[in-house]
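Under the numbering used here, residues 5 to 256 are what the sequence shown spells out, in order. Even glycine gets a Cβ: it sits at the ideal position worked out from N, Cα and C. All values reported here derive from a predicted model rather than from experimental measurement.
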Amino acid sequence: MVSEWRAWGARFYIVLLRFSWYTWFIYNIYFILFSNRKSAMYSVISVFGIIVLAFFLYSVLSVRNIEEPSYIVIDKKNGYEIRKYDSYIIAQTRIIGASTRSTATNQGFSIIADYIFGNNTKRQSVAMTAPVNTQEVGYEKIAMTVPVNTERGENTRSYTVSFVMPRSHTLKTLPLPNNAQVQLVQVPERTVAVKRFSWSNTEQTFLQKEEELLKELQRDGVRVVGPINVARYNPPWTLPFMLRNELQIPVQ
């Protein structure tokens, strides 16, 4: 039920933004035609400010109380930190042939969202958590990923996309997916290096930050033992400076 309300809230917010845009457009056409330029300029600024404020508030409120995987920070380095995550359950799917992480994430998100919104054996909604992880893997293998992961592989590009399930559930209590593309997996405790960044969700940014993180780990003598995961914590309409993106990579 919680996830359904969030889904409806997101739809309502998009409708509200569209209404605000049309209102802004009509309002300013009126002022341009029937008022002076100074008044028109003030109207543009004021309405634009309201729209930006609406984006800001929803960027904060939409993720304020969303559950995240439990972890502790065991070390802070120059450019990244080391976390130890408790075991958790993910619902994951595999996407083959996507050209970028973002494409894979969008396709995988729809498949798993269908499961948590009720397309399961109990017709039961499962609460949404954060982040969404995307991990690119080789064509011949499926990697364990957290939570919606994208990792670059050696062969045809394939990705695993996953959501973390709420801590209140176990593999026994979670409803089984009706769609065979969705699997429930228990991820064991793990130690990961994490690099956090904002402003951009582009493939170029992910590759740049990935290169930076790998160089930093090599500099500090930290051993990498798994593929890189891209974790996104915000809905796509979040203001760029409020985005929370992370690169996560298993280490020893």
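Cutoff 8 Å; reference residue i; Cβ partners in own chain excluding five residues on either side
i    : result
I76  : R87, K88
P170 : E71, V130, A131, T133
T174 : I93
K176 : none
CA-to-CA distance, residue j to residue i, given in whole angstroms
i    : j    : result
Q222 : Q187 : 34 Å
E140 : M132 : 23 Å
S162 : A102 : 7 Å
I94  : V168 : 4 Å
K199 : V228 : 14 Å
S204 : G112 : 20 Å
K219 : S202 : 20 Å
Q190 : Y92  : 6 Å
T107 : K80  : 32 Å
S166 : Q256 : 23 Å
F121 : M246 : 27 Å
D90  : Y237 : 18 Å
P192 : S74  : 12 Å
V226 : T206 : 27 Å
V150 : D224 : Confidence at V150 is low in this model, with a pLDDT of 38, below 50, so the placement of that residue is unreliable and no value is reported for it.
N273 : I100 : With the chain covering only 5 through 256, there is no way to say anything about residue 273.
Q208 : R248 : 16 Å
CB-CB length for residue i against residue j, believed under 8 Å
i    : j    : result
N233 : N137 : 5 Å
S164 : Q96  : The sequence shown places Thr at residue 164, not Ser. Right, the Cβ-Cβ distance comes to about 5 Å (below 8 Å), so this counts as a contact.
G83  : E215 : Actually they do not touch by this definition, with Cβ atoms about 12 Å apart.
P179 : K126 : 4 Å
F210 : R98  : With 8 Å as the limit, F210 and R98 do not qualify as a contact, their Cβ atoms being about 19 Å apart.
Cutoff 6 Å; reference residue i; Cβ partners in own chain excluding five residues on either side
i    : result
P254 : R194, V196, V229, G230
E85  : V77, V198
A235 : P135, N137, E250, Q252
T154 : Because T154 sits at a pLDDT of 49, beneath the cut-off of 50, its placement in the model cannot be relied upon, and the point is left open.
S172 : none
Beta-ladder partner(s) of residue i, from DSSP
i    : result
I76  : K88
K219 : Paired residues: none, contrary to the question.
V198 : E85, Q252
I99  : Y163
P181 : N124
T133 : E71
K236 : Reading the sequence as shown, one finds Arg at residue 236 and not Lys. Answer is V136, N249, bridged to R236.
Q187 : Q96
V141 : S162
V168 : I94
V228 : V255
Cutoff 7 Å; reference residue i; Cβ partners in own chain excluding five residues on either side
i    : result
Q128 : G122, P179
M148 : Note that M148 has pLDDT 38, beneath the 50 cutoff, so the model's placement of it is unreliable and the number below is only indicative. Excluding positions up to five away in sequence, the list reads V189, V191.
Count the CB pairs spanning the stretch 114-130 and the stretch 173-190 that are closer than 8 Å, and state whether there are at least three. yes
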